[in-house]
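Asks:
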Amino acid sequence: MTGLKREGDPVRRLEALRGTTPPRPHDARAIAALAANPGCARRALMDGAGIDKDAAARHLGFPAPFGQSPFAITRGNMFEALVKADGCAELLRMLRELLDLPVEEVAYHDVENVGAHLRHTHTRSLLDHAARSTTAAEPVSAATFYDHPLLSLSIAGHTAYLEPDLVAFQLGGRFHVVEVKSFSVIDGQADPAAVAAAARQAAVYVLAMRTTLEELGHDPGLVSHDVVLVCPENFANRPVATLVDVRKQLAVLRRQLTRMTTLDRLLDALPDDLTFDLRPDDDGRPTRPVAELADALSRTTARYAPDCLSTCDMCFFCRDEARQEGASDLLGRQVRDELGGVASVAEALGLADGTRTPAEGQEEIARLLRNAERLRRECLT
Ligand code: SF4
């Protein structure tokens, strides 16, 4: 380890945690996942330092099971093209019903046409113009779709650039983020995990838009917390739109981002010379001994839960660690929360069968566990 001096500026301390490994820019999926496990210090530190968790997990021998199949990507692109065809004609039909759009004429701006380097500035000026229209004495009477906008959000001192699928703007009302997803809605029901992930991702865009409007001197409340989720219906490719309230996801996300910008307390608890540096060689290949990196990571507190398997690149490493520790985290967040301060399965079993004396504060959970064990025995005999 490098013996770095970590006093002072948290940004420099986070950079030292990352070491010589290039920073990994945050995308909306990564930011959305922050809200999935807000209690995990390991993740907060790794994301705050811009560490490439996927590269770290691969180097540790625990690559994450993420990444869509080429078939799923093609299907998703085809569905998005269908929704946006003819200046979003199909989308307009759905939005008229869903948002009570009173207008017949809709303007369509494809921000991508201005070129990659200008997209962010152009998006800001379009949003500025649209927000001014809502407060003008004589507002413009057309709704507008913004396709391929480029938004930004500050994550622990770094600027992350984000691309929502689409932003729909309704005059006299508010901006609505439109999220196009290719998972199916069958008989009015969709996979709850997929909907939850889409809601978290849309909440990132809502927050980025609100921040942009605020920076431009407008009311951030012009961006609705109701996002429009567009999915294929049943087994056909016909799109169906649903309003999803993302207030809860927004609250968690804000809390998590604030926590990331104030990581001082978590940094203070770390040894002075701790670093997650992968020490890449000239070709970018990590050269750090795996055991050394694993040891460095074990100095941070993880809160593994089965949900991590769909939201965090470190999931297999943390699951393996939790297994070795026999952590109650493996049983899922609900069980872990109900077990309160009981950290391991062995401890819970010991309290249940009375072979372990409850520590201070564990009396109540020990009583409940003993009752549960007594009922289990009664059922079995
Ligand atoms: S996989 Fe590990 S680092 Fe990631 S959120 Fe879960 S416990 Fe935290």
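Count along the sequence shown from 1, then add 2; that gives the number in my numbering.
Note that beta-carbon positions come from the ideal geometry of N, C-alpha and C, so glycine has one too.
Does the beta carbon of ASN39 fall short of 7 angstroms from some heavy atom of the ligand SF4?
Replies: Here residue 39 is taken as the residue at index 37 of the sequence shown, counted from 1. Within the cutoff, so yes.
Asks: Hey, is ALA304 close to the ligand SF4, as in C-beta under 7 angstroms from one of its heavy atoms?
Replies: Within the sequence shown, numbered from 1, the residue matching residue 304 stands at position 302. Flag set: Cβ of ALA304 near the ligand SF4.
Asks: Which one or two residues does DSSP pair with ALA109 in a beta bridge?
Replies: Here residue 109 refers to the residue found at position 107 when the sequence shown is read from its first residue. THR146, per the DSSP bridge assignment.
Asks: First and last residue of the beta strand (DSSP E) that includes THR244?
Replies: Walking along the sequence shown from the start, residue 244 turns up at place 242. Counting along the chain, the beta strand (DSSP E) containing THR244 begins and ends at 241-247.
Asks: Just curious, the alpha helix (DSSP H) that TYR207 is in, first and last residue?
Replies: In the sequence shown, the residue the question calls residue 207 occupies position 205. From DSSP, the alpha helix (DSSP H) with TYR207 extends over 194-217.
Asks: Provide the residue span of the alpha helix (DSSP H) that contains SER300, from first to last.
Replies: Here residue 300 is taken as the residue at index 298 of the sequence shown, counted from 1. 292-300 is the span of the alpha helix (DSSP H), which, as asked, contains SER300.
Asks: Rounded to the nearest angstrom, what separates SER143 and THR313 at their Cα positions?
Replies: The residue labelled residue 143 in the question sits at position 141 within the sequence shown. The residue labelled residue 313 in the question sits at position 311 within the sequence shown. Residue confidence is low: SER143 scores 49 on pLDDT, short of 50, so the model does not pin down where it sits. No coordinate-derived value is stated.
Asks: Could you tell me which of VAL230, HIS178 and ALA238 sits nearest to ASP189, measuring between CA atoms?
Replies: Translated into positions along the sequence shown, residue 189 becomes position 187. That would be ALA238, whose Cα lies nearest to the Cα of ASP189.
Asks: Between the Cα of ALA38 and the Cα atoms of LYS250, THR264 and ALA329, which residue gives the shortest distance?
Replies: Locating residue 38 in the sequence shown gives position 36, where the first residue counts as 1. Per the Cα distances, LYS250.
Asks: Looking only at DSSP bridge pairs, what is HIS131 linked to?
Replies: Stepping through the sequence shown from its first residue, residue 131 is reached at position 129. In DSSP, HIS131 forms no bridge with anything.
Asks: Could you check whether the Cβ of CYS381 sits closer than 7 angstroms to any heavy atom belonging to the ligand SF4?
Replies: Against the sequence shown, residue 381 aligns to sequence position 379. Result no, Cβ not under 7 angstroms from the ligand SF4.
Asks: From the DSSP output, in three-state form, read off THR161 for me.
Replies: Indexing the sequence shown from 1 puts residue 161 at position 159. Note: THR161 maps to strand in three-state DSSP.
Asks: For ARG358, is the beta carbon positioned less than 7 angstroms from some heavy atom of the ligand SF4?
Replies: One-based indexing of the sequence shown puts residue 358 at position 356. Result no, Cβ not under 7 angstroms from the ligand SF4.
Asks: In whole angstroms, what is the alpha-carbon distance linking LEU101 and PRO67?
Replies: Taking the sequence shown and counting its residues from 1, one reaches residue 101 at position 99. Taking the sequence shown and counting its residues from 1, one reaches residue 67 at position 65. Distance between the alpha carbons of LEU101 and PRO67 is about 38 angstroms.
Asks: Just to confirm, does ARG376 get its C-beta within under 7 angstroms of one of the non-hydrogen atoms of the ligand SF4?
Replies: For the purposes of this step, residue 376 is taken as residue 374 along the sequence shown, with counting starting at 1. Incorrect: ARG376 has no Cβ contact closer than 7 angstroms to the ligand SF4.
Asks: Please identify the residue among SER156, ALA201 and LEU255 whose C-alpha is closest to the C-alpha of THR214.
Replies: Within the sequence shown, residue 214 is the residue found at index 212, counting from 1. Taking only the C-alpha atoms, the option nearest THR214 is SER156.
Asks: Quick check: does the Cβ of MET316 come within less than 7 angstroms of any heavy atom belonging to the ligand SF4?
Replies: Position 314 of the sequence shown holds residue 316. MET316 Cβ: within cutoff of the ligand SF4.
Asks: Can you tell me where the alpha helix (DSSP H) with VAL344 in it begins and where it stops?
Replies: Numbered from 1 along the sequence shown, position 342 holds the residue referred to as residue 344. Premise fails: VAL344 is in no alpha helix (DSSP H) and is neither H nor E.
Asks: Quick one: Cα of LEU245 to Cα of ASP228, how far?
Replies: As a first step, residue 245 must be located in the sequence shown, where it is residue number 243. As a first step, residue 228 must be located in the sequence shown, where it is residue number 226. Looking at the two C-alpha atoms, the distance is approximately 6 angstroms.
Asks: Going along the chain, which unbroken runs of the alpha helix (DSSP H) with 4 or more residues stay wholly within the stretch 252-326?
Replies: The qualifying runs are 266-270 and 292-300.
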